[in-house]
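K.L.:
Those protein sequences? They're chains L and E, same order as listed.
If you count the first sequence from 1, position 116 lands on 116 in our numbering, and the numbers rise without skipping.
If you count the second sequence from 1, position 137 lands on 137 in our numbering, and the numbers rise without skipping.
Here a beta-carbon is modelled for each residue, glycine too, at the ideal position from N, C-alpha and C.
Bear in mind that the values here come from a model prediction, so they are computed numbers and not experimental data.
Protein chains: 2
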Amino acid sequence: MEKIIFHPFAPPVSTELYFGEGVLSALNPDGKKFLIADQGLKELYATDLAKRIGAELLTIPSGERAKSQETAIHLMEQLFQLGADRESTLIGLGGGAATDLIGFVASIYMRGLPLILIPTTLLGAVDAVIGGKTAIDTSFGKNLIGTLYHPQAIFIDLNLFQTLPEKERLNGMAEILKMGLIYDRSLWAKESSPALILKAIRAKISIIEQDAKDHSLRRILNFGHTIAHALETVSGYAMDHGEAVALGSLVESHLSRTLGYLSDNDFNEIERVLSCFPLKLPKNYSRSKLFEAMKHDKKRGGGAPRFVLIDRIGHAIAFDGAYCRPVSPSELEPSLDWMEGQWSK
Amino acid sequence: MEKIIFHPFAPPVSTELYFGEGVLSALNPDGKKFLIADQGLKELYATDLAKRIGAELLTIPSGERAKSQETAIHLMEQLFQLGADRESTLIGLGGGAATDLIGFVASIYMRGLPLILIPTTLLGAVDAVIGGKTAIDTSFGKNLIGTLYHPQAIFIDLNLFQTLPEKERLNGMAEILKMGLIYDRSLWAKESSPALILKAIRAKISIIEQDAKDHSLRRILNFGHTIAHALETVSGYAMDHGEAVALGSLVESHLSRTLGYLSDNDFNEIERVLSCFPLKLPKNYSRSKLFEAMKHDKKRGGGAPRFVLIDRIGHAIAFDGAYCRPVSPSELEPSLDWMEGQWSK
Numbered sequence: 001m002e003k004i005i006f007h008p009f010a011p012p013v014s015t016e017l018y019f020g021e022g023v024l025s026a027l028n029p030d031g032k033k034f035l036i037a038d039q040g041l042k043e044l045y046a047t048d049l050a051k052r053i054g055a056e057l058l059t060i061p062s063g064e065r066a067k068s069q070e071t072a073i074h075l076m077e078q079l080f081q082l083g084a085d086r087e088s089t090l091i092g093l094g095g096g097a098a099t100d101l102i103g104f105v106a107s108i109y110m111r112g113l114p115l116i117l118i119p120t121t122l123l124g125a126v127d128a129v130i131g132g133k134t135a136i137d138t139s140f141g142k143n144l145i146g147t148l149y150h151p152q153a154i155f156i157d158l159n160l161f162q163t164l165p166e167k168e169r170l171n172g173m174a175e176i177l178k179m180g181l182i183y184d185r186s187l188w189a190k191e192s193s194p195a196l197i198l199k200a201i202r203a204k205i206s207i208i209e210q211d212a213k214d215h216s217l218r219r220i221l222n223f224g225h226t227i228a229h230a231l232e233t234v235s236g237y238a239m240d241h242g243e244a245v246a247l248g249s250l251v252e253s254h255l256s257r258t259l260g261y262l263s264d265n266d267f268n269e270i271e272r273v274l275s276c277f278p279l280k281l282p283k284n285y286s287r288s289k290l291f292e293a294m295k296h297d298k299k300r301g302g303g304a305p306r307f308v309l310i311d312r313i314g315h316a317i318a319f320d321g322a323y324c325r326p327v328s329p330s331e332l333e334p335s336l337d338w339m340e341g342q343w344s345k
Numbered sequence: 001m002e003k004i005i006f007h008p009f010a011p012p013v014s015t016e017l018y019f020g021e022g023v024l025s026a027l028n029p030d031g032k033k034f035l036i037a038d039q040g041l042k043e044l045y046a047t048d049l050a051k052r053i054g055a056e057l058l059t060i061p062s063g064e065r066a067k068s069q070e071t072a073i074h075l076m077e078q079l080f081q082l083g084a085d086r087e088s089t090l091i092g093l094g095g096g097a098a099t100d101l102i103g104f105v106a107s108i109y110m111r112g113l114p115l116i117l118i119p120t121t122l123l124g125a126v127d128a129v130i131g132g133k134t135a136i137d138t139s140f141g142k143n144l145i146g147t148l149y150h151p152q153a154i155f156i157d158l159n160l161f162q163t164l165p166e167k168e169r170l171n172g173m174a175e176i177l178k179m180g181l182i183y184d185r186s187l188w189a190k191e192s193s194p195a196l197i198l199k200a201i202r203a204k205i206s207i208i209e210q211d212a213k214d215h216s217l218r219r220i221l222n223f224g225h226t227i228a229h230a231l232e233t234v235s236g237y238a239m240d241h242g243e244a245v246a247l248g249s250l251v252e253s254h255l256s257r258t259l260g261y262l263s264d265n266d267f268n269e270i271e272r273v274l275s276c277f278p279l280k281l282p283k284n285y286s287r288s289k290l291f292e293a294m295k296h297d298k299k300r301g302g303g304a305p306r307f308v309l310i311d312r313i314g315h316a317i318a319f320d321g322a323y324c325r326p327v328s329p330s331e332l333e334p335s336l337d338w339m340e341g342q343w344s345k
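1) Can you pull the chain E neighbours of E175/L, defined as C-beta to C-beta under 8 Å?
2) Please compile the residues from chain E whose C-beta is within a distance smaller than 7 Å of the C-beta of V210/L.
3) Suppose the cutoff is 6 Å on Cβ atoms and the five residues either side in sequence are ignored; what does the same chain contact list for P326/L look like?
4) Using a Cβ-Cβ cutoff of 7 Å, what residues of the segment 277-294 of chain L are near chain E? List them in chain order.
5) Helix, strand or coil, according to DSSP, for I116/E in the structure here?
6) Could you tell me the alpha carbon to alpha carbon distance between A26/E and V126/E, rounded to whole angstroms?
7) What do you reckon, are the CB atoms on G131/E and L117/E nearer than 8 Å?
8) Given that a residue counts as buried once 16 or more other Cβ atoms are within 10 Å of its Cβ, and exposed if not, what is C276/L?
9) Using a Cβ-Cβ cut-off of less than 9 Å, list which residues of the segment 108-119 of chain L approach chain E; keep chain order.
10) I need the straight-line Cα distance from K133/E to G146/E, nearest angstrom please.
11) Inspect the beta-carbon positions of L49/E and L58/E and report whether they are closer than 8 Å.
12) Mapping DSSP to helix, strand and coil, what is E56/L?
13) Below 8 Å, can you find three or more Cβ-Cβ pairs linking the segment 202-215 of chain E to the segment 134-141 of chain E?
14) Mark P282/E as exposed unless 16 or more other C-beta atoms lie within 10 angstroms of its C-beta, in which case mark it buried.
15) Measuring only the C-alpha atoms, how far is D184/L from A244/L?
16) What are the uninterrupted segments assigned as alpha helix (DSSP H) that are 4 or more residues long and contained completely in the segment 253-310 of chain E, given in chain order?
17) Is DSSP giving A318/E helix, strand or coil here?
18) Taking 8 Å as the CB-CB cut-off, is M339/E touching chain L?
19) Alpha carbon to alpha carbon, how far is D240/E from E232/E? Give it in angstroms, no decimals.
20) Less than 8 Å separating the beta-carbons of E16/L and Q152/L?
21) Can you tell me whether DSSP reads D30/L as helix, strand or coil?
22) So what's Y18/L in DSSP terms, helix, strand or just coil?
23) Considering only residues of the same chain and omitting the five flanking positions on each side of F161/L, which have a CB-CB separation below 7 Å?
24) Once the 5 residues before and after L259/E are set aside, which same chain residues still bring their CB inside 7 Å of it?
25) Note down, in chain order, each residue of its chain lying with its Cβ closer than 6 Å to the Cβ of P29/L, except the 5 sequence neighbours on either side.
26) Quick check: the Cα distance between K178/L and F223/L, rounded to an integer number of angstroms?
27) Tell me which residues of the segment 189-206 of chain L have at least one Cβ-Cβ distance to chain E shorter than 7 Å, keeping chain order.
28) At the level of alpha carbons, what is the spacing between H254/E and S335/E?
29) What residues in its chain sit with their C-beta under 7 Å from that of G22/L, if we drop five residues either side in the sequence?
30) Assuming K42/E is part of the beta strand (DSSP E), what are its boundary residues?
31) Can you tell me whether T121/L is helix, strand or coil according to DSSP?
32) Of the choices G141/L, I205/L, H150/L and A246/L, whose alpha-carbon is the least far from that of G172/L?
33) Would you list the residues sitting across from R312/E in a DSSP beta bridge?
34) What are the boundary residues of the beta strand (DSSP E) that T163/L is part of?
35) Please report the straight-line C-alpha distance between I313/L and H225/E, rounded to a whole angstrom.
36) What's the gap between the Cα of G92/E and the Cα of E2/E?
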């Protein structure tokens, strides 16, 4: 018998991120290119941008509906018909759902095309575009199909966020607050500002520069998300991701306290801040549906859902490098009782 | 404006390859596992193997039909239903088509599951399972959707090849001969033997250890494949990959000579050896269909198909690190005239 261990060589990946007002004017990629935009942005930005940079314009449905197998397949068929080849650049313009879907298509079309992402929401800027997670949803749950695929460049143009509705600002703030809870207390409970946004982006970059593959530290970014994803699934993706994350972060902070890791003081502070969000449970919520939805959580392993937990504001618990621990239904139930008591329909 | 360049950290990938008679008896993965097998192998190997290692058994259609979007989606739905999570191992058993499809599913299911591949054909062993290329086909062409995703382990058990039909042996030999033409003359025109198979595997490993991402040297593995993939597309995937590669290698050797790179002597030697294959054009072949099919070749760029070319037996031309060059229709036509003259229907 021969045993050979080999190491396929791939050059290190790097991403250039441009941040500021008007940075989009510097976007000018070479070669054949396709601008893929949320259809709601066609009139506002996409038509003009495509014209300026000489790109073919393709559109996808707005919001979470973009992240379907059907949209992915339809988009790839259009790219084949238009002759997109391995050197064509895909440029994704939209919120987190759009960039998740466009990143997924870029990663599997001819085994990977050059990709540039332009987030148009605060949530997309501080979370979805950084770190290479791409995804589509399935009837079994959110983000269950996807890849890790890093864009060549990211353009975060603050001018695009000026017209965002208040609700979108809250969606982004929910992720920034989550970063404040798990990693950097200086991101906790501050007013939104360009400096805060940039700091949140740098925090996420710092995490994925240590663990892009989601085998250890990166898992802390999932704080609040075990509950949030399950709530979104139960709602049929009608619930905003930011609202789900705010509620999920609060419930998982409650769980951190119940399990004896987090002080009452810190929990009360977290409750005070996150309660300012317009929190509510999905109309068709039931606990059995929530447990059913958690069955497909990607952090599962060995049968029980696993949760990221915090022991103070600004610090997730390492658990010997796993950065999450299994939580049994009976351990979780007090926090669900509390959640249902606070936000019953 | 802030410009940040960052480098997402991912640990280097490694693959363990076991080669020899009976090596499959050492396969014994931990945890939850799913054996996904070509349905034609269910009775022969798969049922027993699944039982021995305690895996759930799932089957996929035999041959190139496995590589469809429908098969990929159906397989993932079964995995969701059976509760496969991110720590579940997928074990793929079958020929190159099966392992391409199973690798693709493993790479996109929850952003990637541990993967073990067991090739059951010589072609799969020397080519498909090494180097992480996964793929499915589309109506626009072969392998147009896929990822680069490396298995944790590969088991090449020579006992599985003993019952292969002669046709399958020829399919594998076509790829070994191609390796002889582009990289290592000692693989050219030798009798099949375990030592030759292992040498071909080591040659492919050596190439992907230099360039797994297919940006330079790895492209030489596509010698013969620009024509081969187009012929397979024209045939509706009815043509065997090995036969297509033998014919494609011969035509692209002819092209290498016509363009002034390859000597008459070497071409005559190549013709003598490859003519022993049962070469024929697809029933519905036409030159316009061939050009249409080449439009979607992944090596395209800047409008013209690009070909890997050789300047002697055992050596592909570097072309300044591109390892391929654009070939215009008028440059290609003499070789197509010759092909059609030799193997008209």
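P.N.:
A quick look at the data gives this:
1) Those within 8 Å of E175/L in chain E number zero; the least Cβ separation is about 18 Å.
2) Reading off the sequence, residue 210/L comes out as Gln, not Val. Correct list: F9.
3) A304 and R306
4) none
5) strand
6) 20 Å
7) no
8) exposed
9) I108, Y109, M110, R111 and G112
10) 7 Å
11) no
12) strand
13) no
14) buried
15) 21 Å
16) 264-274 and 287-294
17) coil
18) no
19) 8 Å
20) yes
21) coil
22) strand
23) L122
24) L309 and E331
25) T89
26) 7 Å
27) L198 and I205
28) 6 Å
29) D157 and N159
30) K42/E -> no beta strand (DSSP E), and no H or E assigned at all.
31) coil
32) A246/L
33) H315/E
34) First-last for T163/L: undefined, no H or E at that position.
35) 57 Å
36) 46 Å
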